[in-house]
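For the sequence shown, the UniProt record's numbering begins at 1 and goes up steadily by one.
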Amino acid sequence: MDRSWMKLSRVSNAYQNGVQTFLNFAFQNASQENMILCPCKKCGNIYWHFREVVYEHLIVDGFIRGYKKWIFHGECTSSGTSSTINPTYPDTDYHQYVRQDDMEDMLRDAFNMRSHGEQSFPPDFIISEDCNISGNVFCETGTSAPNEEPNEEAAKFYNLLNEMNEELYEGSKYSKLSFCIRLFHLKCLGGWTGNSFTMLLEFLREMFPFAKIPQSCQDMKRLIKDLGLGYDKIHSCPNDCMLYWGDQKNQQSCHVCGKSRWMNSNTEDVNTDEGGAQLRKKPVKVLRYFPLIPRLQRLFMSSKTAESMRWHNDQRTDDGLLRHPADSLAWKSFDSKFPSFASDPRNVRLGLAADGFNPFKIMSTSYSTWPVVLVPYNLPPWICMKQSSFILSMIIPGEKGPRNDIDIYLQPLIEELKQLWSGVEIYDVLRKENFNLRAALLWTINDFPAYANLSGWSTKGRYACPCCAAQTCSKWLYNGKKFSYMGHRRWLDENHKFRFQRTLFDGTEEYRGAPEQTVGSEILFMLKDINFSYGKMNQPPITQTRRRSKDESDDESDEEDDPNEAKLWKKRSIFF
């Protein structure tokens, strides 16, 4: 389909006719309740509007830049032609097998069942005991296939395939599996509790007794659990001294502070009940860790996301404007420093975000849970920053935040990032090949207090600026009882008028130049001899801040001191 009209003037007849062609295509293939996602520059494929509103937006504002494939309006991304997501079939016997959902494609993407060719199965296909299965080849009883059981992943796929082919009720166009997935998706979006969800299922079963609806939330979870990716439960010391992980997995108490691994356990003996049965002991603190490598594998196992992971290289408009992290100096500097990494656009660039929050929404309750989230920046800008694209890496439990001990919990992630830097073999469903996937963490995203926890630099006090370091200009405010940072005029041109205006600033003229930023090799040299012990029990006691007198705070010589920068670092960060 010719789309050269998208570059023409919006007042031309060719552009307006092209908009009408787009609207006809979109409303035929991707409309819901007579509305579509508006692809104008302001709506950005986020807001739904009626045809007249979308037409007006596209004439006034134009299409969002780079939207050449109409993936949000029914066009398949894996095809070079304009084929639609919901094709129509001729009036043959096959039409009874066409579903309103895309469960089979989703299952194949989730379990990588496309590598040996595409195969479609009719709704009445059932995997039974008298059918032998080897790999992706289905053999009916009586053929000469080897008598092998499917592996664990294949068995999950076949079980879900059976559920997919089971009708929700007789004559329904939807399967039991698609009903459960869509309803559970609504539960997650709406934040419903498990009990409220179970009550809804009970109500639906009363209203529609002929439908095959699960009895409870737990039953539905058991039905669809094989679609998801699990997580690892890693026990940790309650004082954040260590993880019971790796070589220390079987320890029963912390080797740093001596605290027991278990709740209400003063001994290492296993508790038993009156009948002598062994009771399962409950750990004091548990880290939920979501392995990264399987989640990156899923991105390339899905035909709908594998192409998007190359967007930054294949479809990004490189005109010098900053509209994606790939346009930034940090990205380009990294590519020039590691050309072997940059040679394959499928290699993943990640950002890490971490912060604490109170999950109970009660301000009077002191509790801090820390999620750590990874952002894959290979994706287009309208996808990579959506919640559905974020990769939850771990959930660090409370009650108190980890503070500088966050490195203890980041150990599993750092271990995987080291492995991904060397490379992991992954199958690309789009190119039908295995390749060596690498990944790198480019930066972290956090507020200033969390910046201190992750970097190890103290972001409080006289030398709070991590860029200026020991050259930070700070002044103690007598009445405000806090520091003020006034050295920003150092970045102006030498003859800028603000440098010589005393009364508008701090009463001084500024003749100094901007401080030189400390490079990574210098930081590593400063931190080579630093000694830091993890754990809440190993931190120095928090003494009450002494009251600064006016004379002490006004001592200009104290401000001009050149402290040892190594002493300003609290720890050597695990990222270093």
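From the three backbone atoms N, C-alpha and C, an ideal C-beta is built for every residue, glycine too.
DSSP three-state label for D447, please.
Three-state result, D447: coil.
Which residues in the same chain have their Cβ closer than 7 Å to the Cβ of E274, if we skip the five residues on either side of it in sequence?
Any reading at E274 needs caution, since the residue's pLDDT is 46, under 50, leaving its predicted position unreliable; the model's value is listed next. Closer than 7 Å at the Cβ level, and outside the excluded window around E274, lies no residue.
Pick from S388, F25, R490 and R462 that is closest to G74, judged by C-alpha positions:
F25
Does the Cβ of Q100 have 16 or more other Cβ atoms within 10 Å, making it buried, or fewer, making it exposed?
Model confidence at Q100 stands at a pLDDT of 49, short of 50, so the residue's coordinates are unreliable and nothing is read from them.
Under 7 Å Cβ to Cβ from N495, same chain only, skipping five residues before and after it: list those, please.
none
Candidates G44, D226, T369 and L23: which alpha carbon is nearest R51's?
L23
Got a sec? Which residues, its chain only, sit under 7 Å from E170 by beta carbon, not counting five neighbours each side?
Around E170: no qualifying Cβ.
Pull the bridge partners of Y485 from the DSSP assignment, please.
Beta-bridge pairing links Y485 to S474.
Near S216, what residues of its chain come up, given a Cβ to Cβ distance below 6 Å and the 5 sequence neighbours on each side ignored?
T198
Going by beta carbon distance, what residues of the same chain come within less than 7 Å of G44, once the five residues before and after it are set aside?
I64 and W382
So N313 and P345 are in contact, right, with Cβ under 8 Å, and what is the actual spacing, rounded?
At roughly 3 Å, the Cβ-Cβ gap stays under 8 Å, so N313 and P345 are in contact.
Of the listed residues M526, S573, F575 and S260, nearest to K567 (C-alpha basis):
When the alpha-carbon of K567 is set against those of M526, S573, F575 and S260, the nearest one is in M526.
Could you spell out where the alpha helix (DSSP H) holding F15 opens and where it closes?
One point to set straight first is that residue 15 is Tyr, not Phe, in the sequence displayed. Taken as a continuous stretch (DSSP letters only), the alpha helix (DSSP H) holding Y15 covers N13 to N29.
Just mark Y485 as buried or exposed, buried being the case when its beta carbon has 16 or more other beta carbons within 10 Å.
exposed
Return the first residue and the last residue of the beta strand (DSSP E) that residue 599 is part of.
No answer is possible for residue 599: it lies beyond the span of the chain, which begins at 1 and ends at 576.
Beta strand (DSSP E) containing E433: first to last residue?
Counting along the chain, the beta strand (DSSP E) containing E433 begins and ends at E433 to L437.
N446 and A354 look like a contact to me (Cβ under 8 Å); what is the Cβ gap, rounded to whole Å?
Sure, about 6 Å apart at Cβ, within 8 Å.
Neighbour-count burial assignment, S12, 16 or more Cβ in a 10 Å radius:
exposed
Name the two residues that bound the continuous beta strand (DSSP E) containing H235.
Looking at the DSSP string, the run of the beta strand (DSSP E) that includes H235 is D232 to S236.
Quick one: is L352 buried, meaning 16 or more other Cβ sit within 10 Å of its Cβ, or exposed?
The Cβ neighbour count for L352, taken over all protein chains shown within 10 Å, is at least 16; the residue is labelled buried.
Taking only three categories from DSSP, how would you classify Q501?
When secondary structure is reduced to three states using DSSP, Q501 falls in the coil class, being assigned neither helix nor strand.
What are the start and end residues of the beta strand (DSSP E) that includes Y427?
V424 to D428
Taking the beta strand (DSSP E) that W70 belongs to, which residues open and close that run?
Per DSSP, W70 belongs to no beta strand (DSSP E) and is neither H nor E.
Please tell me whether T505 and R490 are closer than 8 Å, where the distance is taken between their beta carbons.
Before going on, a small fix: residue 505 reads as Phe here, not Thr. Their beta carbons are not under 8 Å apart, which means F505 does not touch R490 by this criterion.
With G351 as the anchor, note down where its beta strand (DSSP E) starts and where it stops.
V348 to A354
Of all the options L454, G507, G423 and L442, which has the alpha carbon lying nearest to the alpha carbon of N436?
Minimum Cα distance to N436 is reached at G423.
Which residue marks the beginning of the beta strand (DSSP E) containing Y289, and which one marks its end?
Where Y289 is concerned, the enclosing beta strand (DSSP E) starts and stops at K285 to Y289.
Go to L204, then tell me how far its alpha helix (DSSP H) extends in each direction, as first and last residue.
Unbroken alpha helix (DSSP H) run through L204: G194 to M207.
Are P325 and Y377 closer than 8 Å when you measure CB to CB?
Yes, these two residues count as a Cβ contact at 8 Å.
Mapping DSSP to helix, strand and coil, what is E522?
Helix at E522.
Cβ pair count under 8 Å reaching 3, the region 202–217 against the region 254–265
no
CA-to-CA distance, G513 to L292, given in whole angstroms:
So the alpha carbons of these two residues sit roughly 44 Å apart.
Does V519 pass the burial test, meaning 16 or more other C-beta atoms within 10 Å, or should it be called exposed?
exposed
Alpha carbon to alpha carbon, how far is W370 from K481? Give it in angstroms, no decimals.
30 Å
For T369, list the residues DSSP reports as bridge partners.
F357
Nearest to R288 (by Cα), restricted to the options G320, G66, R462 and Y244:
Y244
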